[in-house]
Amino acid sequence: MTPLRLLLALSALPILAACGADGEPVRPTAQSQITLSSSGTYVSTNLGVTRGPLSLSLGLGL
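Residues in the sequence shown are numbered from 0 upward in steps of one, following numbering that gives the first Met the number 0.
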């Protein structure tokens with residue numbers, strides 16, 4: 000499985016949970032950060048959903 004397909008497959012789970020395909024809709028959380036330093040720019044994004052004691056999060060840093 001290519002990395003892009005793996006990323007798409009893993010991101011499908013929180014999307015389905017957020018839209019209510021498995022019951023009540025769950026509000027997703029999103030967080031982004033941009034860091035500027037003398038060595039360059041760093042961008043990171045984190046998406047997640049929480050339902051009861053279960054949390055699912057997907058992060059990407061460039």
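Glycine residues also receive a C-beta, built at the ideal position from the N, C-alpha and C atoms.
In this structure, DSSP gives residue 38 a state outside helix and strand, which the three-state scheme calls coil.
With contacts defined as CB atoms closer than 8 Å, residue 12 and residue 55 qualify as a contacting pair.
The three-state reading of DSSP puts residue 61 in coil, since its state is none of H, G, I, E or B.
Put simply, the backbone Cα of residue 6 is about 20 Å away from that of residue 41. In the structure shown, the three-state DSSP call for residue 4 is helix.
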